[in-house]
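Counting from 12, one number per residue, gives the positions in the sequence shown under this note's numbering. Each residue gets a CB set at the ideal place from its N, CA and C atoms; glycine is no exception. Bear in mind that the values here come from a model prediction, so they are computed numbers and not experimental data.
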Amino acid sequence: MVSRVIPVDCFDLVVFGATGDLARRKILPGLYRRWLDGQIPEGARIIGAARSAMGADEFHAFVREALSEFVTAAEFDDARLAAFMDMLAYVAIDAAGDTGWTVLGGLMRDDVVRAFYFSVAPAVFGPLAERLHLHGIATADSRIVVEKPFGHDLTSARKLNRMLAAHFDESQIYRIDHYLGKETVQNLMAVRFANILFEPLWNAQFIDHVEITVAETVGVGGRGGYYDRSGAMRDMVQNHLMQLLCLIAMEPPNRFDPDAMRDEKLKVIRALDPVAPADVVRGQYASNGGASYVDEVGNPDSRTESFIAMKVHVSNWRWKGTPFYLRTGKRLRTRVSEIAIAFKEPPHSIFGEAERWKENVLVIRLQPDEGMDLRVMIKEPGPGGMRLKDVALDMSFAEALGDGVQIPDAYERLIMDVIRGNQTLFMRSDEVEAAWAWVDPIIADWEKRADVPRPYDPGSSGPEDALMLMHRDGRRWREVK
Ligand code: NAP
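Spelled out as structure tokens, the structure:
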């Protein structure tokens, strides 16, 4: 089955940081796949930019190398690759300095969409925005794509917002949270708002609790320096987990429109209760002789958390009394991202006490194997009488939609949305600031108390205390498997 693709207007996309890790792994392979799928129009151009001096041939060789690693063998085809390369150009430019701008300015065309992807360190965002204006390269309808992290706290996020706002209108700024580009996350909205089935049950009267898990098996890798200044709260909770929480908890917007959606998400963030210290567990992986966080980051005194679990309350009519449990961490047993909506017990069992009821759970899997799974009670087959059993109504998207359907990577979708001018899946400045305003006091409290994270074994499901966070409420985390 060939996927239906909505064509986009012709564009010049400048990727600042084109030789970096993100461009190599995600942006360039993503653009190639969109091109293979026929979504990139004739005449569109991708202009790589970084400080390193590089000729066109060298850049082509770099892109070829990246694609050989990050697209499938079936997609990597010489003839198609050559045609894709015709679309590429490279400019050596210092985004924070004065070299290269005239060359870039000379390449840009007036009659196509102009987009600038800031795939560079956040310290360069402000100077880059300034120079794009100074050199007359950004027009009133140009778009800029800004990578995470968007600030380190509320003060720095505000400063960054102000710097960008000095040169670009909010409608031109696309702040990426790639979780929002995942197919399942958008499907969560389709499930909630395109079916009559779920919405009447989507509240504290019928939902016992919600779990959001983003578990990684990898450690901090080469990002140790950055990660140690950030930790799981800043790196994952403030953005990805909070965005997922917002999509579950928000009221139905009146249309699928960027500001209608973002207004509703913002209301959720503003309705979050402050978190009690007892409702947060921080962890750090440590093992005798094996992988240990402090060794990996090269900081024996580090108190940064590589794991966090917390209980969060959304204080409004819909959710009063339904806790949201969030957890994320590195070097855990399995790599899995999922949202689990656990429904309440039926008010009365007609099958008697002996037949143990298990909660209905709607699981939305973000990775691996994007899909949904609804656990329901049925009669156990056979002549053994009315015995109950819980089974999964499982829907893997790849299976359900048939052979040949490829679920595009989040970055592919998001870049095409930038070209279309659709900001629905991007964070607005007030959302980012509200998220920091909620997170900052939690971190300040740890700092004040010199809180030390609890150790956990690499390959486990996190510290014991995290299990207790749910146990003491009479609940259990879903197994990370
Ligand atoms: P990276 O591997 O360090 O690459 C940085 C890129 O920026 C290189 O191409 C570098 O090339 C270029 N660069 C640095 N300073 C520059 C300047 N003054 N002017 C022009 N180009 C400059 O970083 P990355 O991992 O790709 O990350 C890029 C951004 O994405 C960061 O904001 C990061 O936080 C974010 N991000 C990355 C990932 C990921 O998986 N990598 C995930 C989420 C978010 P030259 O040295 O030749 O200039």
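- Not one heavy atom of the ligand NAP sits closer than 8 Å to the Cβ of K322.
- Within a 10 Å sphere around the beta-carbon of F335 sit 16 or more other beta-carbons, which makes this residue buried.
- Secondary structure note for S407: it is in no alpha helix (DSSP H), and the uninterrupted beta strand (DSSP E) holding it is 399-407.
- The region 131-147 and the region 212-232 do not touch, with fewer than three beta-carbon pairs separated by less than 8 Å.
- Under a 10 Å Cβ-count criterion, I187 is classified as buried, with 16 or more other Cβ atoms of the shown protein chains found around its own Cβ.
- Sixteen is the threshold: since fewer than 16 other Cβ atoms of the shown chains lie within 10 Å of the Cβ of D68, the residue is exposed.
- Of the heavy atoms belonging to the ligand NAP, at least one sits nearer than 8 Å to the Cβ of T30.
- Collapsing the DSSP output to three states places R234 in a helix.
- For P394, there is no enclosing beta strand (DSSP E), since its DSSP letter is neither H nor E.
- By the CB criterion at 9 Å, A29 and F70 fall inside the cutoff.
- Residue R45 holds the alpha-carbon nearest to the alpha-carbon of I426 among I350, D32, K390, R45.
- Rounded to the nearest whole angstrom, the C-alpha separation of E262 and P269 is 14 Å.
- Looking at G485, T315, S471, the one whose alpha-carbon comes closest to that of D239 is T315.
- At least one heavy atom of the ligand NAP lies less than 8 Å from the C-beta of L33.
- The region 359-379 makes no contact with the region 323-333; the number of CB pairs closer than 8 Å stays below 3.
- Around L191, the same chain offers Q254, L436 as residues with beta carbons nearer than 7 Å, after the five sequence neighbours per side are excluded.
- Taking the C-beta atoms as reference points, A226 is found no nearer than 9 Å to R120.
- The ligand NAP has no heavy atom closer than 8 Å to the beta-carbon of R186.
- Secondary structure note for V25: its beta strand (DSSP E) is the uninterrupted segment 22-27.
- Between L212 and F318, the CB-CB gap reaches or exceeds 9 Å.
- Comparing C-alpha distances from K37 to each of V124, Y128, D88, G116 shows the shortest one belongs to Y128.
- About 17 Å separates the Cβ atoms of V292 and P469, ruling out a contact at the 8 Å cut-off.
- Assigned with DSSP and collapsed to three states, T195 falls in helix.
- Rounded to the nearest whole angstrom, the CA to CA distance from L99 to L175 is 27 Å.
- The region 20-29 makes contact with the region 50-69: 3 or more CB pairs, one atom from each, lie closer than 8 Å.
- Taking the Cβ of E158 as the reference point, at least one heavy atom of the ligand NAP falls within a distance shorter than 8 Å.
- Of all alpha-carbon atoms in T195, A205, G137, I148, the one lying nearest the alpha-carbon of A177 is that of G137.
- The DSSP-derived three-state label of L385 is strand.
- Judged by DSSP secondary structure, G294 falls within the beta strand (DSSP E) whose first and last residues are 291-296.
- The nearest non-hydrogen atom of the ligand NAP is less than 8 Å from the C-beta of P133.
- For R376, the uninterrupted beta strand (DSSP E) run begins and ends at 372-378, by DSSP.
- In this structure, the C-beta of I259 stays at least 8 Å away from each heavy atom of the ligand NAP.
- Taking the Cβ of G230 as the reference point, every heavy atom of the ligand NAP lies at 8 Å or farther away.
- Here DSSP, grouped into helix, strand and coil, assigns F354 to strand.
- In the assembly as shown, Y237 is an exposed residue. Its beta-carbon has fewer than 16 other beta-carbons within 10 Å.
- If you check the C-beta of I104 against the ligand NAP, you find a heavy atom less than 8 Å away.
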